[in-house]
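According to numbering that gives the first Met the number 0, the sequence shown is numbered sequentially starting from 0.
Backbone N, C-alpha and C define an ideal beta-carbon position, used for all residues, glycine too.
Working notes for the structure below.
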Amino acid sequence: MIKDKIVNFEKKLQEHMKDVYCPTHLSLGHEEVAEEIHNNIKDIDWLFSNHRNHHHYLAKGGDEKKLWDEIMGKKNGLNKGFAGSQGVTDRNINFHASAILGGLIGVSTGTAYALKLDKSNAISVCCIGDAATEQGVFWESLIFAALNTLPLCFICENNGKSVDALLEERQSTPVQPRVQSFGIEVCQTVTDAMTFTRQNKAPSFVEIKVKLRCAHLNMATMMDLCDQEEPID
Ligand SMILES: Cc1ncc(C[n+]2csc(CCOP(=O)(O)OP(=O)(O)O)c2C)c(N)n1
Ligand SMILES: [Mg+2]
């Protein structure tokens, strides 16, 4: 099962955190979501992720060794040690992640639009955290996706936190009814959402409640960060 591989990877990384010089967000506790993505995603599909992306990358069929080396800042890492944990990108498997909160929501929507114009059978899947639903681009993208009936699936991993800020202190009403009111299909499982988007070539949204079983952010100390300016061999 892919979730076992993910948990082993993240726990090993946790043990080696003193060697990690890039800001790193572990996905421990989010692995069930990745398991379902893995079971439903196809090679032709696109998967967009965020700062917390290791589980998504492995779910898309990513290379564990290249991911490890990237996080360790090595030249033979996936992105030659320049992207680090937050910017993991693998064009060979249609996978992109970004450190900018909500940064790939618009890109995933544009990709879905391109897939529609190309009459492709692929879908665009965008993984976001609960805080990303507070970005304006999320709501703009929902309007565009609904109006143009785009093959776009939003998966929201709600761990109840944006760094240390609790969800109930940030949002006045639950997100699902708000998304539904934009004419978007709201599903209850990742499988249902991805299946809906694939079968109907139409947008969907799913919110999964998860518990993050590690710190929000891990990295070596900021003092150590000053020591490494270039990727290492
Ligand atoms: C545009 C922007 N603003 C702020 C940040 C700082 N930041 C990094 S992660 C994060 C919270 C993200 O919360 P959420 O989307 O719920 O994901 P989680 O970390 O809980 O998985 C914030 C505010 C950022 N990376 N980008
Ligand atoms: Mg969160």
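Limits of the unbroken beta strand (DSSP E) element including V124 = Counting from one through the sequence shown, the residue named residue 124 turns up at place 125. Start and end: S123 to G128.
Assess, as a yes-or-no matter, whether the stretch 164-171 is touched by the stretch 203-218 under the definition of 3 or more beta carbon pairs within less than 8 Å.
-> no
Which same chain residues, not among the five before or five after D44, have their C-beta less than 7 Å away from its C-beta?
-> What you label residue 44 is simply residue 45 of the sequence shown in a count that begins at 1. Only N93, A121, I122 and V124 meet the Cβ criterion.
Between D163 and ligand 2, is the CB less than 7 Å from at least one heavy atom?
-> Taking the first residue of the sequence shown as 1, we reach residue 163 at position 164. No, ligand 2 has no heavy atom inside 7 Å of this Cβ.
For Q134, decide whether its Cβ has a neighbour in chain D, counting only Cβ atoms nearer than 8 Å.
-> You won't find chain D in this structure, because it holds only one protein chain.
List the residues that DSSP assigns as beta-bridge partners of W253.
-> Residue 253 lies beyond the stretch modelled for the chain, which goes from 0 to 232, so this question has no answer here.
Residue burial classification, M0 (beta-carbon count within 10 angstroms, cutoff 16) = Locating residue 0 in the sequence shown gives position 1, where the first residue counts as 1. So M0 ends up on the exposed side.
Among the residues of its own chain, which have a CB less than 8 Å from the CB of A144, if the five just before and after it don't count?
-> Your numbering for residue 144 matches position 145 in the sequence shown. Here the set comprises T108, A111, L151, I183 and P202.
Compute the distance between the beta-carbons of I70 and A33, then report whether it is under 8 Å.
-> By 1-based counting over the sequence shown, the position of residue 70 is 71. By 1-based counting over the sequence shown, the position of residue 33 is 34. Not a contact, by the Cβ cut-off of 8 Å.
Hey, would you say C126 sits closer than 8 Å to F47, going by beta carbons?
-> Counting from one through the sequence shown, the residue named residue 126 turns up at place 127. Counting from one through the sequence shown, the residue named residue 47 turns up at place 48. Yes, they are a contact pair.
Quick one: is H54 buried, meaning 16 or more other Cβ sit within 10 Å of its Cβ, or exposed?
-> Sequence index remark: in the sequence shown, residue 54 carries index 55 (1-based). Flag for H54 reads buried.
Could you give the DSSP three-state label for S107: helix, strand or coil?
-> Here residue 107 is taken as the residue at index 108 of the sequence shown, counted from 1. DSSP places S107 in helix when its eight states are reduced to three.
Classify R51 as buried or exposed, calling it buried when 16 or more other Cβ atoms lie within 10 Å of its own Cβ.
-> To locate residue 51, count along the sequence shown from 1; it is residue 52. Buried is the call here.
Would you mind working out which of G60, G102 and M16 sits nearest L216, comparing C-alpha positions?
-> Counted from its first residue, the sequence shown places residue 216 at position 217. Distances from the CA of L216 to each of G60, G102 and M16 were compared; the closest alpha carbon is that of M16.
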